[in-house]
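First up is the structure itself, then whatever we jot down about it.
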Amino acid sequence: MAVRREKAERLADEELMPLVGGKDPEAFEVLYDRHGGAAYSLAYRIVGDRAAAEEVTQEAFISVWRSGARFDAARGSVRSWLLSVVRNRAIDFLRSKAGKAPKLDFDDESALEQRPAAERTEEEALRRETASELRGALGKLPGEQSKVIELAYFGGFSHSEIAEILSLPMGTVKGRMRLGLEKIRGELAEGLA
Amino acid sequence: MNDIDHNRWGEDLAAYMLGALEPGEADEFGRHLEGCRRCQAEVRWFEPALGTLAESAERREPPRQLREALLAEVRADARRSASAEPRRATRSPFSRWLLKPAVGFAVLALLIAGAVGYEVGSDGDGAGGPSTLERNIDGIGVKMIQEGGGGTLQLSNLPQLPADKVLEAWVEREGEVEAVPALLVPDRNGQAETTIADMSGVSTVMVTEEPQGGSEEPTSPAIVTMSVPQ
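And the structure:
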């Protein structure tokens, strides 16, 4: 049975999810109102376009509506789960737009020239790397670490693609990813201490 | 597994969490993760860092129409789910609605429309082609186009709605009132349309003003009613 909006607003996210799984529109509405802004912002950050961000956010929330029961509270918060759904949808969107995960060939500059502006080139990824978007712990990382994390998380590039883009050994890319995440996690732990 | 063997997985863990392993590598790591408590603990420890990345995007306000479209789809889906249940909870006997003061006017208007019928006319050729009914109701242009078993309801010259309101269409079919899944959101020119997938047995179409996201049943007087010839 559907709950009234006022009641749904008093529930924690983890309590809303079973209701969403039971097809309760009021619970879903509250979930969207709580996390829609972050979801849309993340989608926009990845796809770089308002219409595409809307499409991605809508698809992500509809998938949550239709598969709410898949949320596993033991594996993290509703918000982090939901944002991971958005992130995956956004990366899928980029990949479908590019046809397939691009294999960048930096010896062939003409191939890069032919790529649409919004495609996942290093130039595009780095252009978006503005100070306002690198807030908090991420902004404190050394550039070499934030760069590989940005390309992976927001650009959807694999470690081997990043290695190719940055002309680095794959082991170095993986190492920088790990160091970067460790520093972000350390900053968070210090903030909580 | 000794530390040297395990270091190999440790090197992949951050890339796995960032979604940066190749598909085959990610599958392999996923299988390892299922049975490795050490990696599971590391994943749990790193998860807040991933959350920080997701939250680091510059905050943007999602467009209002995104919320409206999402809620409309979700409510329609919920209605379909409910109507698939044996008790058909969202479909009330039409006569029962007359007892509800909030919707009595709407239903009365709907009944009257059914009695006076369509007034402007039809251009149907009677051979299965599209037929069009048009009316002007209190200054609102109403056009109902029927084709191939379905229909399109087009409204024009609509007044601007309050930000928290939408228009919702309803059909009367065999004595029961059903909501049309897609809500009507007027554009800047005061025009809106919605599609009625199945017009079979529909005797009347009605439009009411409803809260954002739509309602399970009409909650305000109808601003538009139009009878549909059988």
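Protein sequences appear in the order of chains S and P. Counting along the first sequence from 1, when you hit position 42 you're at 42 in my numbering, and nothing is skipped either side. Counting along the second sequence from 1, when you hit position 28 you're at 1028 in my numbering, and nothing is skipped either side. Ideal placement from N, C-alpha and C gives every residue a C-beta, glycine not left out. Predicted model only: the values in this text are computed from it and were never measured.
- Contact between Leu-1183 of chain P and Glu-1193 of chain P does not hold, since their C-beta atoms are separated by about 11 Å, which reaches or exceeds 8 Å.
- Residue range 78-98 is occupied by the alpha helix (DSSP H) that includes Lys-97 of chain S.
- With contact defined as three or more Cβ pairs closer than 8 Å, the segment 84-95 of chain S and the segment 143-156 of chain S are in contact.
- Here the segment 21-37 of chain S does not lie against the segment 1047-1054 of chain P, with fewer than 3 beta-carbon pairs under 8 Å apart.
- A direct Cα-to-Cα measurement between Met-17 of chain S and Ile-1140 of chain P gives close to 42 Å.
- Taking 7 Å as the upper bound on Cβ-Cβ separation, chain P lies near residues Phe-28, Glu-29, Tyr-32, Gly-36, Gly-37, Ala-38, Tyr-40, Ser-41, Leu-42, Tyr-44 and Arg-45 of the segment 26-50 of chain S.
- At a cut-off of 8 Å between beta carbons, Ala-1179 of chain P makes no contact with chain S.
- For the pair Arg-66 of chain S and Met-170 of chain S, the Cα-to-Cα distance works out to about 38 Å.
- Taking a C-beta cut-off of 7 Å against chain P, the contacting residues of the segment 178-189 of chain S are Arg-178, Leu-181, Ile-184, Arg-185 and Leu-188, listed in chain order.
- Cα atoms of Val-148 of chain S and Gly-186 of chain S: separation of roughly 18 Å, rounded to the nearest angstrom.
- Within chain P, the residues placing a beta-carbon under 7 Å from that of Phe-61 of chain S are Leu-1070, ordered along the chain.
- In the three-state DSSP reduction, Ser-146 of chain S falls in the helix class (H, G or I).
- In the DSSP annotation of this structure, Ala-52 of chain S is not part of any beta strand (DSSP E); the continuous alpha helix (DSSP H) holding it starts and ends at 50-66.
- Distance between Gln-145 of chain S and Ser-160 of chain S, taken at the CA atoms: about 15 Å.
- When the Cα atoms are used, Val-64 of chain S and Ala-53 of chain S turn out to be separated by approximately 16 Å.
- CA-CA distance, Phe-71 of chain S to Glu-26 of chain S, rounds to 18 Å.
- Per DSSP, Pro-1211 of chain P is not a residue of any alpha helix (DSSP H); the beta strand (DSSP E) it occupies stretches across 1202-1211.
- In this structure, Val-1171 of chain P sits away from Val-1224 of chain P, with a CB-CB distance that is not shorter than 8 Å.
- Residues of the segment 1033-1045 of chain P with a C-beta atom less than 7 Å from some C-beta of chain S are Trp-1045, listed in chain order.
- Around the Cβ of Asp-1198 of chain P, a 10 Å sphere holds fewer than 16 other Cβ atoms; the residue is exposed.
- CA-CA distance, Thr-1208 of chain P to Phe-28 of chain S, rounds to 24 Å.
- The closest CA to that of Gln-58 of chain S, considering only P:Glu-1058, P:Glu-1068 and P:Met-1017, is found on P:Glu-1068.
- Taking a 10 Å sphere around the C-beta of Glu-1178 of chain P, we find 16 or more other C-beta atoms and assign the residue as buried.
- Looking at the DSSP output, Trp-1170 of chain P sits in a beta bridge with P:Ala-1179 and P:Met-1206.
- In this chain, the beta strand (DSSP E) harbouring Gln-1146 of chain P covers 1140-1147.
- Residues of chain P whose Cβ lies closer than 8 Å to the Cβ of Leu-83 of chain S are, in chain order, Gly-1051, Ala-1054 and Glu-1055.
- Look at Gly-1019 of chain P: its C-beta is under 8 Å from a C-beta on chain S.
- The Cβ-Cβ distance between Ser-1203 of chain P and Ser-1220 of chain P does not fall below 8 Å.
- In the three-state reduction of the DSSP assignment, Asn-1007 of chain P falls in the helix class.
- Separation of Ser-96 of chain S and Ala-1222 of chain P (C-alpha to C-alpha, rounded to the nearest whole angstrom) is 44 Å.
- Approximately 14 Å separates the beta-carbon atoms of Glu-1061 of chain P and Arg-45 of chain S; this is outside 8 Å, ruling out the contact.
- Secondary structure note for Ala-1192 of chain P: its beta strand (DSSP E) is the uninterrupted segment 1192-1196.
- Per DSSP, the continuous alpha helix (DSSP H) segment holding Ser-160 of chain S begins and ends at 159-166.
- What Leu-138 of chain S touches in chain P, judged by beta-carbon distance under 8 Å, is Thr-1052, Leu-1053 and Ser-1056, going in chain order.
- If you check each beta-carbon in the segment 1173-1198 of chain P against every beta-carbon of chain S, none falls closer than 7 Å.
- Taking 8 Å as the threshold, the shortest C-beta distance from Ala-152 of chain S to chain P falls below it.
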